[in-house]
Amino acid sequence: MRTPKIYFIGAGPGETALITVKGFSAVQHADCIIYDGLVNPSLLDHANPDAERISVAKRSGCHSMEQEQINALLVEKARQYKMVVRLKGGDPCLFGRAAEEISACIEAGIAFEIVPGVTAGLAAAEYAGIFLTNRDYASSVCLVTGHQAQGKDGDEPDWKWLARFNGSLVIYMGMETIGQITQKLLASGKPAQTPACVICRAVSPRQRVVKAPLSGIADLCKAEGLEAPAIIIIGTAAQGMNRADWFMQNRLFGKRVLLTRDAAGNRVFAEKFAACGAEPVLFDSIDIIDLTDSSFVSECLRNLSSYDWIIFTSANGITRTLDRLHKSGLDARAFASTRIACIGRPTADKLAEYGLKADFVPCSFTSEAMAAEMIAAFDLRDQKILLLRSQVAPKDIVRAFTNAGAQVTDASVYNVVARRQEAESVNAICQDLEAGRIDYVIFTSDSTACAFINSVPQGLLRPGRPQIVSIGPATTRSLERMGLAPDIEASVHTLDGILDALQERS
Ligand code: SAH
């Protein structure tokens, strides 16, 4: 039996993918996650659904009392569960009061591990094209807290010494006191022209960067309305390297993108957008559910070897089919004598996860192309074809194969239904749309388009603003039928194809 343990984990700054592999695995397996305000909440989507989640976001001004409560909470939860994760923004121990929490664990005899994280100061610099140790001008870095710059609350950094420091100064928690910090450095002899930079909400779609000489940076931040959380960098490095500002240069940076798939699909898609600096806005418009009567598909799966071709049109079709197969005591060998076609590369990749290689993938990822290309490449007369797909999939592919002389069995492995929406989430999306706060709305299927459009008042979506984006011709036709011709259609009909289309347009 494993001994109970608390894992102090650095979540990294902002973007979920910046957590370490070890930290991510602990989040997935934890029984309880106690997390701070700076942690990206979408990391918790990867936790066990049964895990207890407790936010201990601090309100400024009442730190010490709350910290004691957090220490006590950690001990309490470690006694209740086997695996507790204490998730902190950036690195868990840098300016994070981890020492106090860990000493509470030591006193209570609770085992712990520390999993380092990417700290905000380093990430902010790198996401702003700043090289803190560029050998031309800085051979050292100093991480400083600006929290005590008002002289109350704890030991104040030695500003006189820091004024003489010739490396890169990286100041955390300094937004409230930026005026005092710069004054102290200037009064201690730091040249007024020393480059300074403030990066606020780093590594997020709302990252902002301002640069000015040391003597002007505080006023500029005030004028620009910059707020915490922010990192202040002082020293020659702060001017940044020419054309190295890669993150904010991304064409999708700062764009708000409304995603309308099912819950799991939206979360996968959201991470792709977040990595491009865009801000995904999630609206789960459909649910993918099991069939009420699965006797027909079960019968088909028992007789897989009697088919010449099996066709999968989506990754969902593959997962549902293989799950069903496994539950009935069979495995991938059931496909041994049958050829398999997949409608797109991502669908074939999903198949490969089960150790199966697609025999045919059409060049264009639509059901029309699938039928046309298979009919051109193979003699399908009297061939037995099994389609394993959604209950609401369009029938045209069945007609095309039947006309080519094939015997087609169209079996549903899952169903798609419009999700019952909470008034609150619909209102939030409507307000965003009305106020022009959404740049793109993405539709990846006929069912997401219908479900979404039926959930919001008519007339709220107009071509142009926001831009309506379709994954491919079938979805475009559905949108057109509903009076909403898309502004952009992906030329490769996959999620990555949509990202590429947007990167080219933005
Ligand atoms: N343990 C954290 C730091 C906690 S102190 C780490 O290693 O990153 C909190 C301070 O971190 C904030 O006041 C701010 O200065 C900085 N910070 C955290 N996340 C940030 C972000 N996304 N952008 C800019 N600064 C950030």
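Residue numbering for the sequence shown follows our numbering, starting at 3 and increasing by one per position.
Glycine residues also receive a C-beta, built at the ideal position from the N, C-alpha and C atoms.
Checklist line | Exposed unless 16 or more other CB atoms sit within 10 angstroms - verdict on residue 397 | finding: The residue labelled residue 397 in the question sits at position 395 within the sequence shown. Residue 397 is exposed by the Cβ-count criterion.
Q. So, using beta-carbon positions, are residue 253 and residue 505 closer together than 8 Å?
A. As a working mapping, residue 253 is identified with position 251 in the sequence shown. As a working mapping, residue 505 is identified with position 503 in the sequence shown. Against a cut-off of 8 Å, the Cβ pair of residue 505 and residue 253 comes out as a contact.
Exercise for review: Determine which residues share a DSSP beta bridge with residue 419 and list them.
Suggested key: Locating residue 419 in the sequence shown gives position 417, where the first residue counts as 1. According to DSSP, which records beta bridges pairwise, residue 419 is partnered with 289.
request  = Quick one: grab the DSSP three-state call for residue 228.
outcome  = Position 226 of the sequence shown, counted from the first residue, corresponds to residue 228. Here residue 228 sits in coil by DSSP.
Discussion item. Just to check my reading of the structure: residue 131 and residue 311 have Cβ atoms closer than 8 Å, yes? What is that Cβ distance to the nearest angstrom?
Written reply: Reading the sequence shown from its first residue, position 129 is the one you call residue 131. Reading the sequence shown from its first residue, position 309 is the one you call residue 311. The Cβ separation is near 52 Å, so there is no contact.
Review point. Can you list, in chain order, the stretches of the beta strand (DSSP E) that have 3 or more residues and sit fully within the region 292 to 362?
Key: Uninterrupted beta strand (DSSP E) stretches at least 3 residues long and entirely within the region 292 to 362 occur at 311 to 314 and 341 to 344, given in chain order.
Checklist entry - Which partner residues does residue 90 have in the DSSP bridge list? => result For the purposes of this step, residue 90 is taken as residue 88 along the sequence shown, with counting starting at 1. Beta-bridge pairing by DSSP links residue 90 to 12.
Can you give me the start and stop residues for the beta strand (DSSP E) that residue 469 sits inside?
-> Counting from one through the sequence shown, the residue named residue 469 turns up at place 467. In the DSSP assignment, residue 469 falls within the unbroken beta strand (DSSP E) covering 469 to 472.
Ligand 1 heavy atom lying under 7 Å from the CB of residue 174 = The sequence position of residue 174 within the sequence shown is 172, counting from 1. Distances from the CB of residue 174 to the heavy atoms of ligand 1 include at least one below 7 Å.
Handout entry: residue 159 versus residue 148: straight-line alpha-carbon distance, rounded
Key = In the sequence shown, the residue the question calls residue 159 occupies position 157. In the sequence shown, the residue the question calls residue 148 occupies position 146. Going by the C-alpha atoms only, they are around 8 Å apart.
CB-CB length for residue 42 against residue 18, believed under 8 Å: Counting from 1 along the sequence shown, the entry for residue 42 is found at position 40. Counting from 1 along the sequence shown, the entry for residue 18 is found at position 16. Their Cβ separation, rounded to whole angstroms, is 5 Å, which keeps residue 42 and residue 18 in contact under 8 Å.
Residue 15 beta carbon near ligand 1 (any heavy atom closer than 7 Å): Residue numbering aside, residue 15 sits at position 13 when the sequence shown is read from its first letter. At least one heavy atom of ligand 1 sits closer than 7 Å to the Cβ of residue 15.
- 8 Å contact criterion, which residue 348 and residue 496 should meet: CB distance rounded: The count along the sequence shown starts at 1 and reaches residue 348 at position 346. The count along the sequence shown starts at 1 and reaches residue 496 at position 494. The beta-carbon distance between residue 348 and residue 496, rounded to whole angstroms, is 5 Å. This is short enough to meet the 8 Å contact definition.
- Span of the alpha helix (DSSP H) around residue 214: In the sequence shown, residue 214 corresponds to position 212, counting from 1. Run containing residue 214: none in the alpha helix (DSSP H); it sits in the beta strand (DSSP E), 210 to 215.
Best match in 498, 280, 424 and 22 for proximity to residue 208 [C-alpha to C-alpha]: In the sequence shown, residue 208 corresponds to position 206, counting from 1. When only C-alpha atoms are compared, the closest one is 280.
Shorter than 7 Å, the distance from the beta carbon of residue 96 to the closest heavy atom of ligand 1, or not? On the sequence shown, position 94 is the one that residue 96 refers to. With a threshold of 7 Å, the Cβ atom of residue 96 counts as near ligand 1, since some heavy atom of the ligand is closer than that.
- Of the listed residues 477, 416, 321 and 150, nearest to residue 178 (C-alpha basis): Numbered from 1 along the sequence shown, position 176 holds the residue referred to as residue 178. Comparing alpha carbon positions, the residue from 477, 416, 321 and 150 closest to residue 178 is 150.
**Prompt:** If you check the beta carbons only, do residue 187 and residue 216 fall under 8 Å apart?
**Reply:** Against the sequence shown, residue 187 aligns to sequence position 185. Against the sequence shown, residue 216 aligns to sequence position 214. Contact flag set, yes.
Any chance the CB of residue 240 is under 7 Å from a heavy atom of ligand 1? One-based indexing of the sequence shown puts residue 240 at position 238. Of the heavy atoms belonging to ligand 1, none sits nearer than 7 Å to the Cβ of residue 240.
* What separation, rounded to the nearest whole angstrom, lies between the Cα atoms of residue 74 and residue 106? -> Numbered from its first residue, the sequence shown carries residue 74 at position 72. Numbered from its first residue, the sequence shown carries residue 106 at position 104. Cα to Cα, residue 74 sits roughly 8 Å from residue 106.
- Query: For ligand 1, is there a heavy atom less than 7 Å away from the beta-carbon of residue 247?
  - Reply: Taking the sequence shown and counting its residues from 1, one reaches residue 247 at position 245. Because no heavy atom of ligand 1 lies under 7 Å away, the Cβ of residue 247 does not count as near it: no.
For this session: Taking residue 333 as the reference, give the member of 218, 444, 341 and 306 with the closest Cα.
Result: Position 331 of the sequence shown holds residue 333. The shortest Cα separation from residue 333 among 218, 444, 341 and 306 belongs to 306.
Exposed or buried, what is residue 175 when buried is set at 16 or more other beta-carbons lying within 10 Å of its beta-carbon?
The residue given as residue 175 occupies position 173 in the sequence shown. Its Cβ being crowded by 16 or more others within 10 Å, residue 175 is buried.
- Task: Have a look at the DSSP bridge pairing and note the partners of residue 144.
- Result: On the sequence shown, position 142 is the one that residue 144 refers to. For residue 144, the beta-bridge partners assigned by DSSP are 171.
Fill in: Boundaries of the beta strand (DSSP E) in which residue 166 is found, first to last residue
Taking the sequence shown and counting its residues from 1, one reaches residue 166 at position 164. Taken as a continuous stretch (DSSP letters only), residue 166 belongs to no beta strand (DSSP E), being part of the alpha helix (DSSP H) at 161 to 166.
Taking a contact to mean a Cβ-Cβ separation below 8 Å, would you say residue 8 touches residue 76 in this structure? On the sequence shown, residue 8 is found 6 positions in, with the first residue counted as 1. On the sequence shown, residue 76 is found 74 positions in, with the first residue counted as 1. In this structure, residue 76 lies closer than 8 Å to residue 8 by Cβ.
Taking C-beta to C-beta, are residue 80 and residue 205 nearer than 8 Å? As a position in the sequence shown, residue 80 is number 78, starting the count at 1. As a position in the sequence shown, residue 205 is number 203, starting the count at 1. Residue 80 places its beta carbon 8 Å or farther from that of residue 205.
Just confirm the distance between the C-beta atoms of residue 314 and residue 345, as a whole number of angstroms; I'd bet it's less than 8 Å.
Position 312 of the sequence shown, counting from 1, holds the residue named residue 314. Position 343 of the sequence shown, counting from 1, holds the residue named residue 345. Contact holds; Cβ gap of about 7 Å.
| Under the rule that 16 or more other beta-carbon atoms within 10 Å means buried, what is residue 287, buried or exposed? | The residue labelled residue 287 in the question sits at position 285 within the sequence shown. For residue 287, the number of other beta carbons within 10 angstroms of its own is at least 16, and it is reported as buried.
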